[in-house]
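Report on one structure; see the data block that follows.
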Amino acid sequence: MERLQKIMAQAGVASRRKCEELILEGKVQVNGETVTELGTKADPEQDIITVSGKPIKNEKKVYLMLNKPKGVITSSSDPEGRRIVSDFLKGVNERVYPIGRLDYDTEGLLLLTNDGEFANMLSHPKYHVPKTYLATVKGVPHGTDLDRLRQGIMLEDGMTAPAEVEYKDVDPDNKFAVITITIHEGRNRQVRRMFDAISHPVTRLKRIAYGDLLLQNLKRGVYRHLTPDEINHLKQMAKAAKPKANPKAKRQKPDT
C-alpha cells in the first residue's frame, strides 16, 4: 500500500504536488469512490485508480532535455495560441511535463519527464540542485554589485541564497556585460529580479546547466533523451545537496 499521490506521480500523471492538488479538487477516484484526503493509501496492483474519469497506467519512464527557444510557453496549453514546449516533442508518445519552468523570454535547458518522483526530487527546495544561466545585462555591473549577488540579495520575497557569479564578456563601450550566474533556488523570475536589484536588467537569459548536466551544443528547439548515467547522477546530486536557504521555505515552482 502506498500513498495515492505517490502512485499517481509514479504513473506519470503529474508531479507529486500537482497530484495532491488533483486529489484535493475531488478529481481522483479509487474503486469508484472519490478521494479527497492526502493520506489515503491504495494498492496500484489491485485498486482501480482514475483521474477525471480516466484510469491511470504505468507508462515507460521518459527523461528529456529540451533546448527551449525564446518565445515559448512552459505549459501544456496556452489560451492565446502561443507555442508551447510540447510543440517541440514530436515523436514522444508518453505524456511528459516540465520540471520547473523557464519563462516566455528565457531560453535554454529544460528538463521534462513523466517520472513524478524524479521531478519532485529536482524541484523540491530542500534539494537545491544548482542551475546555471548565461545572462546578458544592460551596462557593466561593478565587482561590488556582483559581490552583493554572491552574498545573497534582498528581494521582495526575502533574501536569496548566495549565488556564484562571474564575468563572461564585457562590451568595450560598457553598454552590456555577459555574466554566468548559478543559483540554488527556484523562485519566480529569480535571476531577472536579482539583476534588477543591482540596476542592471537582463536583456537575454539562457539556462546552460542543470547541476552537472550541460546544454552544450544541443540545437535550439531540439530535445534528446537523458542517458541512464545522467539520470542517476542527477538523483545522486539531489540527494547529496546541502540546504543553502531557509529549510522552512515554501515549495515554489522553479523559474528564472
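Counted the way the numbering used here counts, the sequence shown spans residues 4 to 259.
Yeah, the Cβ is synthetic: ideal placement off N, Cα and C, and Gly gets one too.
Computed from a prediction, not measured in an experiment: that's the story for all the values here.
Give the DSSP bridge partners of residue i, in chain order.
i, result
"residue 32", "37, 53"
"residue 172", "181"
"residue 141", "179"
"residue 6", "44"
"residue 59", "DSSP, once it has assigned bridges, lists no residue as partnering residue 59."
"residue 76", "87"
"residue 64", "Paired residue(s): none; residue 64 is not in a bridge."
"residue 242", "Paired residue(s): none; residue 242 is not in a bridge."
"residue 71", "111"
Is residue i near residue j, with beta carbons less than 9 Å apart?
i, j, result
"residue 206", "residue 135", "no"
"residue 260", "residue 141", "Nothing about residue 260 can be read from this structure; the chain reaches only from 4 to 259."
"residue 97", "residue 120", "no"
"residue 111", "residue 92", "no"
"residue 153", "residue 168", "yes"
"residue 87", "residue 126", "no"
"residue 182", "residue 149", "yes"
"residue 32", "residue 10", "no"
"residue 226", "residue 68", "yes"
"residue 15", "residue 177", "no"
"residue 139", "residue 180", "yes"
"residue 308", "residue 55", "Because the chain here runs from 4 to 259, residue 308 falls outside it and cannot be looked at."
"residue 144", "residue 155", "no"
"residue 223", "residue 106", "no"
"residue 37", "residue 6", "no"
Take the Cβ of residue i as the centre, count every other Cβ of all protein chains shown within 10 Å, and call the residue buried at 16 or more, exposed below.
i, result
"residue 18", "buried"
"residue 210", "buried"
"residue 13", "buried"
"residue 190", "buried"
"residue 123", "buried"
"residue 71", "buried"
"residue 41", "exposed"
"residue 8", "buried"
"residue 239", "exposed"
"residue 241", "buried"
"residue 188", "buried"
"residue 213", "buried"
"residue 66", "buried"
"residue 170", "exposed"
"residue 79", "exposed"
"residue 85", "exposed"
"residue 175", "exposed"
"residue 77", "buried"
"residue 26", "buried"
Hey, is residue i close to the ligand SAM, as in C-beta under 8 Å from one of its heavy atoms?
i, result
"residue 93", "In the structure shown, the ligand SAM is absent, as is every other ligand, since no ligand is present at all."
Quiz item: Three or more beta-carbon pairs under 8 Å between the region 38 to 49 and the region 180 to 200, yes or no?
Solution: Touching, no, given that fewer than three Cβ pairs across the two stretches are closer than 8 Å.
Exercise. Let me know the alpha helix (DSSP H) ranges lying completely inside the region 187 to 238, each 4 residues or longer, listed in chain order.
Key: Counting only runs of 4 or more, we get 193 to 200.
Quiz item: Quick one: any contact between the region 155 to 169 and the region 217 to 226, if contact means 3 or more CB pairs under 8 Å?
Solution: Touching, no, given that fewer than three Cβ pairs across the two stretches are closer than 8 Å.
Quiz item: Enumerated in chain order, which unbroken segments of the beta strand (DSSP E) with a length of 3 residues or greater are wholly contained in the region 80 to 166?
Solution: Qualifying beta strand (DSSP E) stretches, in chain order: 109 to 116, 134 to 141.
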